[in-house]
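*Asks:* Before I ask anything, here is the structure I am working with.
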Amino acid sequence: MLWTLLKILVFVALVGALAFGAEFLIASSDYIRIVLLGTEYTLPPLIAVISLAVLLLGMWLLLKVAGLLVALLRFINGDETALSRYFDRNREKRGYEALSDGMMALASGDHRAAISKAQKAERLLRRPDLTTLLTAQAAEGAGDALTAETAYKRLLQEDRTRFVGVRGLLSQQLAAGQTDKAMKLAEKAFALKPRHTETQDVLLKLQAQDENWVGARQTLTAKLKSGSLPKDVHKRRSAVLALASARDALAQGKTDSARAESLEANRMSPDLVPAAVMAARMHIDSGNARAATKVLKAAWKSQPHPDLAAAFAQIAADETPQARIKRFAPLLKLLPGHAETKLLEAELQIAAEDFAAARRAMGDIADSQPTTRALSLMAAIERGEGADDVVVRGWLARALTVSRGPQWCCDACGNVQGVWGPLCDECGSFDTLAWTEPKTSGDAPALNTEMLPLIVGALENKAADEPEVVDASEPEDAVVEGEATPLQEPEPATTR
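In this text, residue positions in the sequence shown follow full-length UniProt numbering: the first is 1, and each later residue adds one.
Laid out in structure tokens, this is it:
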């Protein structure tokens, strides 16, 4: 408010001063005499002042016209001028408008229009770091792999866009299934930006698929250092890689290396069931039953699993069923209420032909958590106790309709595998297999081969004069390959 008042006062003062000056000049009786090129001009003071102002204005206009002509000549010569800057701003404006239209077309799925707008923007902007990327993405969307590849290769020419170009080529090679080329590109991208999370994940997956366990562990360490991987996850995945390396070493006959790697895997992740199983078997092979027992108990306390029970049985493979029940007692006491504990105890009692104890061990699990394995055990118990075939077949019929129970399931794609591995057989994801119940039921799991005589009515203590004939096709329908148990010799560990 005060500033506005001040400006008004200054304006009024200037107008007053001009009016006073004009009145003074008009009232003056003097004249101004000007001699120019021999000609004398006599002017009143007011006319002289006005003439001077017009002369100055004319000179100013003349200088401006001269400057414009000079700028035009410089513009024609290619020098930077105000005129060239004006045209540059106009061209840049139209270029960014074309770039914006291209991005909108790409987002809306009109890839051909996006390519056209990108080309127009490239002509106007001369910014390949912006327009080439848009061209590549639009060409990919349009299915023009050659144009996209050419665009990505152009991005490799500049340092600031080289990583983007490598990533684009990497995605193309992955889509084409060229894993060897993709591996090299992933390594190059990792070298350019070792802290880039997506590049780390892609490289780790490719190295795992290529069974390059050493390189995968280096990449995993880089993920830990960059802060993109929690320490506990790093330890588990390092254990998975060490276990995979141990399996390869064992397959190649490098027993010492396999032993060291398996023990390291178990040390880093004691609850990793396959690592505990392999470490225990290494201890068993070296005659250290106490260490094997300790490893298996620690893993069982974390997650009871049939493979752990199978390895525990292998500690004393030639013992009698009664001795095995006694030796397994400390293991069964760790988690007595767990379903796997109940099933394991029932299997041990069935092997010892104590069917009443097996029934007590089962409890209500056949009703509360019915699985193919649980109902098959009930069929074995009924057969062992001398029940009619119709009762046994009833249990087996139910066994074919219920869930298989926990299996190795991929968290990424839901694939179910019979044997654990560091990678999913279906989608190739790393460390995604978990021992859990699948979302969709698959084939029925295996019955123990030692139980088949019980189910088909061929018990060794069955009276010779009371033979029973059971349709062999029925139990075979219920026998499908599955996990090992203490009553069944475990299969050798498979290597990937």
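C-beta: ideal position from N, C-alpha, C; glycine also.
Suppose you measure from the CA of S51 to the CA of R123; what does that come to, to the nearest Å?
*Replies:* Mapped onto the sequence shown, residue 51 falls at position 51. Mapped onto the sequence shown, residue 123 falls at position 123. For S51 and R123, the distance between alpha carbons rounds to 53 angstroms.
*Asks:* So what does DSSP say about K462, is it helix, strand or coil?
*Replies:* Numbered from 1 along the sequence shown, position 462 holds the residue referred to as residue 462. Residue confidence is low: K462 scores 43 on pLDDT, short of 50, so the model does not pin down where it sits. Its coordinate-derived value is still stated next. K462: coil per DSSP, three-state reduction.
*Asks:* Going by Cα to Cα distance, which pick from V166, P306, L332 and L296 is closest to I315?
*Replies:* Locating residue 315 in the sequence shown gives position 315, where the first residue counts as 1. With distances taken between Cα atoms, I315 lies closest to L296.
*Asks:* Expressed to the nearest angstrom, what Euclidean distance is found between the alpha-carbon atoms of K7 and N77?
*Replies:* As a working note, residue 7 is residue 7 in the sequence shown. As a working note, residue 77 is residue 77 in the sequence shown. The straight-line gap from Cα to Cα measures roughly 47 angstroms.
*Asks:* Can the beta-carbon of K235 be found less than 9 angstroms from the beta-carbon of T197?
*Replies:* Residue mapping note: residue 235 aligns to position 235 of the sequence shown, counting from 1. Residue mapping note: residue 197 aligns to position 197 of the sequence shown, counting from 1. Against a cut-off of 9 angstroms, the Cβ pair of T197 and K235 comes out as no contact.
*Asks:* If contact is defined by three or more beta carbon pairs under 8 angstroms, each pair taking one atom from either stretch, is the stretch 111-131 in contact with the stretch 82-102?
*Replies:* The answer is yes - the stretch 111-131 touches the stretch 82-102, with three or more Cβ pairs under 8 angstroms.
*Asks:* So what does DSSP say about L433, is it helix, strand or coil?
*Replies:* In the sequence shown, counting from the first residue as 1, residue 433 sits at position 433. Strand, per DSSP.
*Asks:* Going by other Cβ atoms of all chains shown within 10 Å of its Cβ, with 16 needed for buried, is P306 buried or exposed?
*Replies:* Counting from one through the sequence shown, the residue named residue 306 turns up at place 306. Buried, by the Cβ-count rule.
*Asks:* Under 8 angstroms by Cβ, that's how I've got A339 and Q349 pegged, so tell me the actual separation to the nearest angstrom.
*Replies:* Residue mapping note: residue 339 aligns to position 339 of the sequence shown, counting from 1. Residue mapping note: residue 349 aligns to position 349 of the sequence shown, counting from 1. Not really, about 16 angstroms apart at Cβ, beyond 8 angstroms.
*Asks:* Runs of 3 residues minimum, wholly inside the stretch 343-419: which ones carry the beta strand (DSSP E) assignment?
*Replies:* Counting whole runs of 3 or more residues, the stretch 343-419 contains the beta strand (DSSP E) stretches 407-410.
*Asks:* Starting from L229, trace the beta strand (DSSP E) both ways and give me its first and last residue.
*Replies:* For the purposes of this step, residue 229 is taken as residue 229 along the sequence shown, with counting starting at 1. It is not in any beta strand (DSSP E) - L229 carries neither H nor E in the DSSP assignment.
*Asks:* Would the beta-carbon of A148 fall within 9 angstroms of that of Q137?
*Replies:* Here residue 148 refers to the residue found at position 148 when the sequence shown is read from its first residue. Here residue 137 refers to the residue found at position 137 when the sequence shown is read from its first residue. The answer is yes: Cβ separation under 9 angstroms.
*Asks:* Any idea what DSSP makes of L335, helix, strand or coil?
*Replies:* Stepping through the sequence shown from its first residue, residue 335 is reached at position 335. Looking at L335 - three-state DSSP - the assignment turns out to be coil, as it is neither helix nor strand.
*Asks:* Helix, strand or coil for E122 per DSSP?
*Replies:* In the sequence shown, counting from the first residue as 1, residue 122 sits at position 122. Note: E122 maps to helix in three-state DSSP.
*Asks:* Under 8 angstroms: do the stretch 394-409 and the stretch 364-379 share three or more Cβ pairs, one atom per stretch?
*Replies:* Contact between the stretch 394-409 and the stretch 364-379 is present, because at least three Cβ pairs lie under 8 angstroms.
*Asks:* Would you give the residue range spanned by the alpha helix (DSSP H) that L192 belongs to?
*Replies:* Against the sequence shown, residue 192 aligns to sequence position 192. Segment T179 to L192, the alpha helix (DSSP H) holding L192.
*Asks:* Give the DSSP-derived three-state secondary structure of R127 in the structure shown.
*Replies:* For this step, residue 127 is matched to residue 127 along the sequence shown. Looking at R127 - three-state DSSP - the assignment turns out to be coil, as it is neither helix nor strand.
*Asks:* Jot down the residue ranges of each uninterrupted alpha helix (DSSP H) in the UniProt domain "HemY N-terminal" (31-143), minimum 4 residues, whole runs only, in chain order.
*Replies:* The UniProt domain "HemY N-terminal" (31-143) contains these whole alpha helix (DSSP H) runs: 45-77, 82-108, 111-125 and 128-142.
*Asks:* Please state whether DSSP places L272 in a helix, a strand or coil.
*Replies:* Translated into the one-based positions of the sequence shown, residue 272 becomes position 272. Of the three classes helix, strand and coil, the one that applies to L272 here is coil, per DSSP.
*Asks:* So what's L423 in DSSP terms, helix, strand or just coil?
*Replies:* As a working note, residue 423 is residue 423 in the sequence shown. Strand.
*Asks:* Mapping DSSP to helix, strand and coil, what is I315?
*Replies:* Counting from 1 along the sequence shown, the entry for residue 315 is found at position 315. Three-state result, I315: coil.
*Asks:* In whole angstroms, what separates the C-alpha of P44 from that of F24?
*Replies:* Taking the first residue of the sequence shown as 1, we reach residue 44 at position 44. Taking the first residue of the sequence shown as 1, we reach residue 24 at position 24. Spanning the two alpha carbons is a distance of roughly 12 angstroms.
*Asks:* Apart from the five residues just before and just after A242, which ones in its own chain have a Cβ nearer than 6 angstroms to its Cβ?
*Replies:* Residue 242 sits at position 242 when you count from the first residue of the sequence shown. Answer for A242: E261, E264 and A265, listed in chain order.
*Asks:* How is Q303 classed by DSSP in three states: helix, strand or coil?
*Replies:* As a first step, residue 303 is located in the sequence shown; it is residue number 303 there, counting from the start. Looking at Q303 - three-state DSSP - the assignment turns out to be coil, as it is neither helix nor strand.
*Asks:* Using the rule of at least 16 other Cβ atoms within 10 Å of the residue's Cβ for burial, across every protein chain shown, is residue 498 buried or exposed?
*Replies:* Because residue 498 is not part of the residues shown, which for the chain are 1 to 496, the question remains open.
*Asks:* Helix, strand or coil for K439, going by three-state DSSP, please let me know.
*Replies:* Start at 1 with the first residue of the sequence shown, and residue 439 comes out as number 439. In the structure shown, K439 sits in coil (DSSP, three-state: anything other than H, G, I, E or B).
*Asks:* Taking Cβ positions, are A298 and D318 nearer each other than 9 angstroms?
*Replies:* Taking the first residue of the sequence shown as position 1, residue 298 is located at position 298. Taking the first residue of the sequence shown as position 1, residue 318 is located at position 318. No, the Cβ-Cβ distance between A298 and D318 is not below 9 angstroms.
*Asks:* For T436, which residues in the same chain have their Cβ closer than 8 angstroms to its Cβ, ignoring the five residues on either side in sequence?
*Replies:* Along the sequence shown, read from residue 1 onward, the residue named residue 436 stands at position 436. Closer than 8 angstroms at Cβ, skipping near neighbours: P406, Q407 and C409.
*Asks:* Mapping the DSSP letters down to three states, classify S286 as helix, strand or coil.
*Replies:* As a working mapping, residue 286 is identified with position 286 in the sequence shown. In this structure, S286 counts as coil in the three-state DSSP scheme.
*Asks:* Please report the straight-line C-alpha distance between R404 and T179, rounded to a whole angstrom.
*Replies:* What you label residue 404 is simply residue 404 of the sequence shown in a count that begins at 1. What you label residue 179 is simply residue 179 of the sequence shown in a count that begins at 1. Their backbone Cα atoms lie some 35 angstroms apart in a straight line.
*Asks:* Return the chain-ordered list of same chain residues with a C-beta closer than 7 angstroms to the C-beta of F430, the five sequence neighbours on each side being excluded.
*Replies:* Counting from one through the sequence shown, the residue named residue 430 turns up at place 430. Hits under 7 angstroms: L204, K205, A208, P422 and L423.
*Asks:* Mind reading off the beta-carbon distance from S228 to Q200? Whole number of angstroms is fine, and I expect it under 8 angstroms.
*Replies:* In the sequence shown, residue 228 corresponds to position 228, counting from 1. In the sequence shown, residue 200 corresponds to position 200, counting from 1. Confirmed, about 7 angstroms.
*Asks:* So, using beta-carbon positions, are L185 and V166 closer together than 9 angstroms?
*Replies:* Stepping through the sequence shown from its first residue, residue 185 is reached at position 185. Stepping through the sequence shown from its first residue, residue 166 is reached at position 166. Yes. Within cutoff.
*Asks:* Are the beta-carbon atoms of G143 and L106 separated by less than 9 angstroms?
*Replies:* The count along the sequence shown starts at 1 and reaches residue 143 at position 143. The count along the sequence shown starts at 1 and reaches residue 106 at position 106. No, Cβ-Cβ distance for G143 and L106 is not below 9 angstroms.
*Asks:* Would DSSP call G16 helix, strand or coil?
*Replies:* Sequence index remark: in the sequence shown, residue 16 carries index 16 (1-based). If DSSP states are grouped into helix, strand and coil, G16 belongs with the helices.
*Asks:* Can you tell me the Cα-Cα spacing of T449 and T221, whole angstroms?
*Replies:* Taking the sequence shown and counting its residues from 1, one reaches residue 449 at position 449. Taking the sequence shown and counting its residues from 1, one reaches residue 221 at position 221. With a pLDDT of only 40 at T449, under the threshold of 50, the placement of this residue in the model should not be trusted; the figure read from the coordinates follows. Roughly 44 angstroms separates the two Cα atoms.
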